[in-house]
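Right, one structure below, let's go through it.
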Amino acid sequence: MEDRRGGECAGYEYVLYARSQGIYGLPDTGLIVVKTGNDTEVTTQRLPTLFIPHGGGPCFFMEPLPGFPPGLWDNLAAYLRGIPAAIGQRPRAVLVISGHWECAVPTVLMAEQHTLLFDYYGFPDHTYRLTYPAHGSISVSARVRELLGQAGIYADAEHQRGLDHGVFVPFKLIYPDADVPIVQLSLKHNLDAAEHMAIGHALRPLRDEGVLVVGSGNSYHNLREFFSTKATASEASEQFDAWLGAAIRASSAERERLLSGWTKAPGALDCHPRSEHLIPLMVAAGAAGKDAGKITYHEQMFGKTFSGVQFG
Numbered sequence: 001m002e003d004r005r006g007g008e009c010a011g012y013e014y015v016l017y018a019r020s021q022g023i024y025g026l027p028d029t030g031l032i033v034v035k036t037g038n039d040t041e042v043t044t045q046r047l048p049t050l051f052i053p054h055g056g057g058p059c060f061f062m063e064p065l066p067g068f069p070p071g072l073w074d075n076l077a078a079y080l081r082g083i084p085a086a087i088g089q090r091p092r093a094v095l096v097i098s099g100h101w102e103c104a105v106p107t108v109l110m111a112e113q114h115t116l117l118f119d120y121y122g123f124p125d126h127t128y129r130l131t132y133p134a135h136g137s138i139s140v141s142a143r144v145r146e147l148l149g150q151a152g153i154y155a156d157a158e159h160q161r162g163l164d165h166g167v168f169v170p171f172k173l174i175y176p177d178a179d180v181p182i183v184q185l186s187l188k189h190n191l192d193a194a195e196h197m198a199i200g201h202a203l204r205p206l207r208d209e210g211v212l213v214v215g216s217g218n219s220y221h222n223l224r225e226f227f228s229t230k231a232t233a234s235e236a237s238e239q240f241d242a243w244l245g246a247a248i249r250a251s252s253a254e255r256e257r258l259l260s261g262w263t264k265a266p267g268a269l270d271c272h273p274r275s276e277h278l279i280p281l282m283v284a285a286g287a288a289g290k291d292a293g294k295i296t297y298h299e300q301m302f303g304k305t306f307s308g309v310q311f312g
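Residues 1 to 312, numbered by this note's numbering, are exactly what the sequence shown covers, in order.
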C-alpha cells in the first residue's frame, strides 16, 4: 500500500537522513520522503526486517542430488520469490547479514558492482557459473558504518570480497533482475547473540531510510544430523523450532531476553552445534525494535524443521 502524497508532504523540514539521496523523515508517520532531481516522492511505511533460510549451496539452480526427493526445495523457493509481494514495497537497498561471512569486527562490503564468491563445494560445474550482477551502494555502506559508530561499535570496510552464496543464491529468487542494490555486513567471530542484537539496534534507522534488513541463515543447521533418521534428531528440531516460534512471537523485551539465551532452549545445540546460521536472526531481531514478529515460512525436510521470520 503506497502513499504518493508528494505535494502534501513536501513542506516537512524534519531531517532524518539528509545525504545526497535527499531523504527526509516525516514525524509520527513512519513514512520517508525520497527526493530525486526536482521530484519529491513519498515511499511507504517503515520496512520490516527478515530472517530467511537460504537453503543448501546452490540448491535452487540444480537438479536434486542423489538421495534428495524431487521438489525438495520448491516450497522454500516459492517463499523467497514471494518476499517482494509480502513486504509490499520496493526497498531502496538491502542490507544482508549472511551466516557465511565472519570477521573479528563487523565489516561492511563497500562496492559499486559486486562479484560472486562461490563458497560451496562439490556441486555441479554449472553452479559455479551462476551470475547475479548486483550493484552495491557506497552511500548505504557508509551509512551502516556511521550508525554502528554512533552506537560505539567499530565497523571495518572490505572492498574486494564477493557476495557469498548466503546472499546471491536467495536473492537470485527474491530480486531476479538484480535491480535492488545490496550491501553485505559480516558477523563477528564471537557469534555472541546479545552483541549481534546490539548491532541490529544500531541499524534500526535504516528501516526508515528505505533499506530492508535481512538475516540470511537457517533456523536448523546441523549438517551431520540433517540426513539422520534418528527420532532424537527430529525431536530436537521440533522442540527448538517450537521454542523459536514462541520467542519470535513474544513481546520485544521478552523476545530479546529469550534470543540472548538461545543456547538454553530445548534442542538448541543439537540444531546448531555452531551458531553462525542462527546469529543473523539476532541482527534482524535487534533491528526490529518493538515490532511484532511472526513465522512466515515453516517446513520439514528430512524430518528437520525450518522457519522464516518477519518483524514488522
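Even glycine gets a Cβ: it sits at the ideal position worked out from N, Cα and C.
For this session: Put residue 221 into one of helix, strand or coil per three-state DSSP.
Result: coil
Exercise. Quick one: is residue 280 buried, meaning 16 or more other Cβ sit within 10 Å of its Cβ, or exposed?
Worked result: Burial of residue 280 is indicated by the presence of at least 16 other C-beta atoms within 10 angstroms of its C-beta.
For this session: Would you identify the three-state DSSP class for residue 262, choosing helix, strand or coil?
Result: helix
For this session: Tell me where the beta strand (DSSP E) around residue 301 begins and ends.
Result: 293 to 301
Exercise. Considering residue 74, what are the terminal residues of the alpha helix (DSSP H) in which it resides?
Worked result: Per DSSP, residue 74 belongs to the alpha helix (DSSP H) from 74 to 81.
For this session: Under 7 Å Cβ to Cβ from residue 75, same chain only, skipping five residues before and after it: list those, please.
Result: 299
For this session: With distances taken Cα to Cα, identify the nearest neighbour of residue 306 among 69, 290, 242.
Result: 242
For this session: Tell me whether residue 116 sits in a helix, a strand or coil according to DSSP, three-state version.
Result: The three-state reading of DSSP puts residue 116 in strand, counting E and B together.
For this session: Flag this pair as yes or no: are the beta carbons of residue 106 and residue 187 separated by less than 9 Å?
Result: Going by C-beta atoms, residue 106 is nearer than 9 Å to residue 187.
Problem set entry | Rounded C-alpha distance that separates residue 231 from residue 274 | 21 Å
For this session: Figure out for me which residue from 139, 238, 87 has the closest Cα to the Cα of residue 266.
Result: 238
For this session: Kindly confirm or deny that the stretch 107 to 127 and the stretch 193 to 213 touch, where touching means at least three C-beta pairs closer than 8 Å.
Result: no
Problem set entry | Residues bridged to residue 108 (per DSSP) | 157, 185
Exercise. In whole angstroms, what is the alpha-carbon distance linking residue 261 and residue 167?
Worked result: Rounded to the nearest whole angstrom, the CA to CA distance from residue 261 to residue 167 is 27 Å.
Problem set entry | Contact belief for residue 217 with residue 120 at Cβ below 8 Å, rounded distance in angstroms | About 15 Å; that fails the 8 Å criterion.
Exercise. Excluding sequence positions up to five away, which residues of its chain have a Cβ less than 6 Å from the Cβ of residue 252?
Worked result: 290
Problem set entry | Backbone CA spacing between residue 61 and residue 128 [nearest angstrom] | In this structure, the straight-line span from the alpha carbon of residue 61 to that of residue 128 is close to 11 Å.
Problem set entry | Continuous beta strand (DSSP E) stretch holding residue 94: start and end | 93 to 103
Exercise. For residue 133, does the three-state DSSP call read helix, strand or coil?
Worked result: coil
For this session: Determine the extent of the beta strand (DSSP E) in which residue 307 is found, giving its start and end residues.
Result: 304 to 311
Problem set entry | Enclosing alpha helix (DSSP H) for residue 280 [first to last residue] | Here the alpha helix (DSSP H) through residue 280 covers 279 to 288.
Exercise. So, is residue 190 buried or exposed, given that buried needs 16 or more other C-beta atoms within 10 angstroms?
Worked result: exposed
Problem set entry | Meets three-Cβ-pair contact criterion under 8 Å: the stretch 88 to 105 and the stretch 207 to 225 | yes
Exercise. When you compare each of 92, 297, 269 to residue 245 by their alpha carbons, which one comes out closest?
Worked result: 297
Problem set entry | Span of the beta strand (DSSP E), counted from its first residue to its last, around residue 232 | First-last for residue 232: 231 to 249, but that is the alpha helix (DSSP H), not the beta strand (DSSP E).
For this session: State buried or exposed for residue 233, treating a residue as buried only when at least 16 other CB atoms are found within 10 Å of its CB.
Result: Burial call: buried.
For this session: Report the rounded CA-to-CA distance for residue 169 versus residue 176, giving the unit in angstroms.
Result: 10 Å
For this session: Assign residue 22 to one of three DSSP states: helix, strand, or coil.
Result: Confidence in residue 22 is poor, its pLDDT being 42 and thus under 50, which makes the residue's placement too unreliable to answer from.
Exercise. How many whole angstroms separate the CB atoms of residue 144 and residue 155, which I take to be in contact at a CB cut-off of 8 Å?
Worked result: 7 Å
Problem set entry | Where the beta strand (DSSP E) containing residue 205 begins and where it ends | Segment: none, residue 205 is in no beta strand (DSSP E) and carries neither H nor E.
Exercise. Smallest Cα separation from residue 103: which of 157, 311, 47, 203?
Worked result: Selected option, being the one with the closest Cα: 157.
Exercise. Which one of 153, 81, 312, 287 has the shortest CA to CA distance from residue 54?
Worked result: 81
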